[in-house]
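Q:
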């Protein structure tokens, strides 16, 4: 009886709680807002603060005196500014991420177009074969390319056993090309799905009308298809570019020590010497560039449209 | 492509041009299929090779081929460190995805039903954990826990980080479903005397359940496959599968790793095939769920 009563009153209390609009918003927004504030906003704010403080290399404690030393050390390597590990790594990361994004875009567009124009069984089958690698662990996919590349990797050894080449080819060795291939493989589905969602909403009778009126294929693509799918193109590019800049696993495996991207530099400073001041300052540059890219993107797309993947 | 061909040929006058036109169309159509086929090959070849090597005597490369074996699987299943890290990752993913699902479902209701101040800011920040590079979130949380709060990395910190990471996936999938949801169903139930909890349990939940399930699955997979956040936030007593795998791959000689990878590929293939036949997974992933598809 007693338990029943308590149950009833607890239930009544919940019901009463949900009846007012104010408390309803509190109950629904509150928990996730608390999570976001304590686990996202506060840590990032603290990271900004740490980037302006000295960190004791003996006790790893933060010395709360404002300083610019962390930022100075990013650009101070004894030589020219563009030769410091930070600047080299950041520049290389942008180059690799840009190439990866362009590659994904050119590769994904034809397939997304085909998917949007076809339906039924073929569509389901193709989407299954695209989604399966996508859902497979990132680490497994990166590892699969470790096996493919390298002087004794699958590509080189296959070509050699077929007698097509005599010695391992440098381009199939570990390095920047391998990283670009690995990243393209990793983030390609993001681009494909975002482009597909955008092309799927496209009214294809517009294309037929334009063609009937004498527009060439290039003109149709330039004047109609690309402008109408621009949100998808920008959204997909963002989804590929941002994680590529901060990539860690792929460049570690497929660079095999020859390449250092910004994510690896940050990791090595924290995992190695716990130089959190340096790492925080370096992270600020990555964050600022990402926020910049997103602000630029949001001039063309809303965040809801980015919800595709 | 087919419809385009037939309609544009009608407008072409001379027979000569018609033939040339059709050839071009057919060539373009074919090349579209060829490019798409090559792409699928590109996505698939590495995975196929991993599966093949899992059964191969020589685990690192195909040539010279030394025969087939099941030793790699035996080696993988016998490894204690592999099993304990698998259990660790399962636990972390399940707890973190559960938290993310509860928070994400509540947040989706708030975003789709109520107007409040800072709503757009709230929405944006709800999606940021998905977009922000893992290395930065991992390092920021590590510094925050260790230097500001004095909490040492361990099970709790990984779960907290992953629950935040999973939140956007639940939020996006469930709120997309709620936008297309007919609220008059709830009004009818309320008019008939049901209290809000009953309405939620008997009316709302059954309708949004597939989306909630898909959100949970996404958050779970994201947590399970994450390496970089876990690296900074796990402690000595919490084993994580990705960290175990990473250290193995670094050594470049890990015959049992192919077997583990093959098992993962197979497991996910089956789960995905089931999910695609039961629920509209592709719709949720591609964000194209519409009312008539339900």
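Residue numbers (UniProt numbering), protein chains in the order written: chain A, 1 to 309; chain B, 1 to 294.
Using N, Cα and C, we set each Cβ at its ideal position, and we do this for glycine too.
Given a cut-off of 8 Å on the beta-carbon distance, is the pair residue 199/A and residue 232/A in contact?
A: Yes, these two residues count as a Cβ contact at 8 Å.
Q: Could you round the C-beta distance between residue 210/B and residue 165/B to whole angstroms and report it? I think they count as a contact, below 8 Å.
A: So it is not a contact: roughly 22 Å between Cβ atoms.
Q: Looking at residue 229/B: is its Cβ nearer than 8 Å to the Cβ of residue 138/B?
A: Yes, these two residues count as a Cβ contact at 8 Å.
Q: Is there a Cβ from chain A that is less than 8 Å from the Cβ of residue 274/B?
A: False, the Cβ-Cβ gap to chain A never drops below 8 Å.
Q: Note down, one range per segment and in chain order, each alpha helix (DSSP H) of at least 4 residues found wholly within the stretch 4-89 of chain A.
A: For the stretch 4-89 of chain A, whole alpha helix (DSSP H) runs of length 4 or above, ordered along the chain, are 21-36, 42-51 and 69-74.
Q: Using a 10 Å radius around the Cβ and a threshold of 16 neighbouring Cβ atoms, would you call residue 191/B buried or exposed?
A: The residue is exposed, with fewer than 16 neighbouring Cβ atoms inside 10 Å.
Q: Can you confirm whether residue 197/B, when its beta carbon is compared against all beta carbons of chain A, has any partner nearer than 8 Å?
A: Closer than 8 Å: yes.
Q: Who are the near neighbours of residue 227/B in its chain, counting only those whose CB is closer than 7 Å to its CB and skipping five residues on each side?
A: Only 242, 243 and 246 meet the Cβ criterion.
Q: With DSSP as the reference, label residue 194/B as helix, strand or coil.
A: Of the three classes helix, strand and coil, the one that applies to residue 194/B here is coil, per DSSP.
Q: For a contact meaning CB atoms closer than 8 Å, what does residue 133/A contact in chain B?
A: Chain B residues near residue 133/A: 43, 44 and 47.
Q: What residues from the stretch 255-284 of chain A come within 8 Å of chain B, judged by C-beta to C-beta, listed N to C?
A: The stretch 255-284 of chain A vs chain B, Cβ under 8 Å: 263, 266, 267, 270, 271, 276, 279, 280 and 283.
Q: Starting from the beta carbon of residue 245/B, find every residue of chain A whose beta carbon is closer than 9 Å, and list them in chain order.
A: Neighbours of residue 245/B on chain A, chain order: 137, 139, 140 and 143.
Q: Please report the distance separating the alpha-carbon of residue 136/A from that of residue 265/B.
A: Between residue 136/A and residue 265/B, the C-alpha separation is close to 6 Å.
Q: Taking 8 Å as the threshold (C-beta atoms), are residue 93/B and residue 298/B in contact?
A: Absent from the structure is residue 298/B, since the part of chain B shown begins at 1 and ends at 294.
Q: If contacts are defined as beta-carbon pairs under 8 Å, then residue 25/B and residue 138/A qualify, I think. What distance do you get, rounded to the angstrom?
A: Not quite, the Cβ-Cβ distance comes to about 40 Å (not below 8 Å), so this is no contact.
Q: Nearest CA to the CA of residue 89/A: which residue from 273/A, 75/A and 43/A?
A: Nearest option by C-alpha distance: 75/A.
Q: Could you tell me the distance, in whole angstroms, from the CA atom of residue 221/A to the CA atom of residue 210/A?
A: Residue 221/A and residue 210/A: Cα-Cα distance of roughly 10 Å.
Q: Which residues bound the alpha helix (DSSP H) around residue 140/B?
A: Run containing residue 140/B: 134-143, per the alpha helix (DSSP H) assignment.
Q: Pick helix, strand or coil for residue 56/B, following the three-state DSSP scheme.
A: Residue state, collapsed to three classes: strand.
Q: For residue 158/B, which of 206/B, 99/B, 218/B and 77/B has the nearest alpha-carbon?
A: That would be 99/B, whose Cα lies nearest to the Cα of residue 158/B.
Q: Could you tell me which of 120/B, 97/B and 200/B sits nearest to residue 15/A, measuring between CA atoms?
A: The shortest C-alpha separation from residue 15/A is found at 200/B.
Q: Establish whether the CB of residue 109/B and some CB of chain A are separated by less than 8 Å.
A: Yes, its Cβ sits closer than 8 Å to a Cβ of chain A.
Q: Just mark residue 231/B as buried or exposed, buried being the case when its beta carbon has 16 or more other beta carbons within 10 Å.
A: The residue is buried, with at least 16 neighbouring Cβ atoms inside 10 Å.
Q: Quick one: Cα of residue 40/B to Cα of residue 85/A, how far?
A: Each residue's Cα considered, the two are about 37 Å apart.
Q: Compare the C-alpha of residue 69/B against each of 212/B, 169/B, 56/B and 75/B and name the closest.
A: Comparing Cα positions, the closest option is 56/B.
Q: According to the Cβ coordinates, are residue 142/B and residue 233/B closer than 8 Å?
A: Going by C-beta atoms, residue 142/B is nearer than 8 Å to residue 233/B.
Q: Classify residue 50/B as buried or exposed, calling it buried when 16 or more other Cβ atoms lie within 10 Å of its own Cβ.
A: With 16 or more other Cβ atoms within 10 Å, it is buried.
Q: For a test of the three-state rule: what should DSSP assign to residue 39/B, helix, strand or coil?
A: In this structure, residue 39/B counts as helix in the three-state DSSP scheme.
Q: What does the alpha-carbon distance come out to for the pair residue 125/B and residue 131/B?
A: Each residue's Cα considered, the two are about 10 Å apart.
Q: Specify the secondary structure class of residue 68/B as computed by DSSP and reduced to three states.
A: Strand, per DSSP.
Q: What number of angstroms, rounded off, separates the C-alpha of residue 145/B from the C-alpha of residue 151/B?
A: The alpha-carbon atoms of residue 145/B and residue 151/B are separated by roughly 5 Å.
Q: What's the gap between the Cα of residue 293/A and the Cα of residue 238/A?
A: Distance between the alpha carbons of residue 293/A and residue 238/A is about 8 Å.
Q: Consult DSSP for residue 251/B and reduce its assignment to one of helix, strand or coil.
A: Reduced to three states, the DSSP call for residue 251/B is coil.
Q: Using a Cβ cut-off of 9 Å, pull out every chain A residue sitting near residue 114/B, in sequence order please.
A: Ordered by position in chain A, the residues that pass the 9 Å Cβ test against residue 114/B are 21, 24, 25, 28 and 29.
Q: I need the DSSP call for residue 115/B, collapsed to helix, strand or coil.
A: Looking at residue 115/B - three-state DSSP - the assignment turns out to be coil, as it is neither helix nor strand.
Q: I want to know whether the stretch 267-285 of chain A touches the stretch 165-183 of chain B - three or more CB-CB distances under 8 Å.
A: These segments do not touch.
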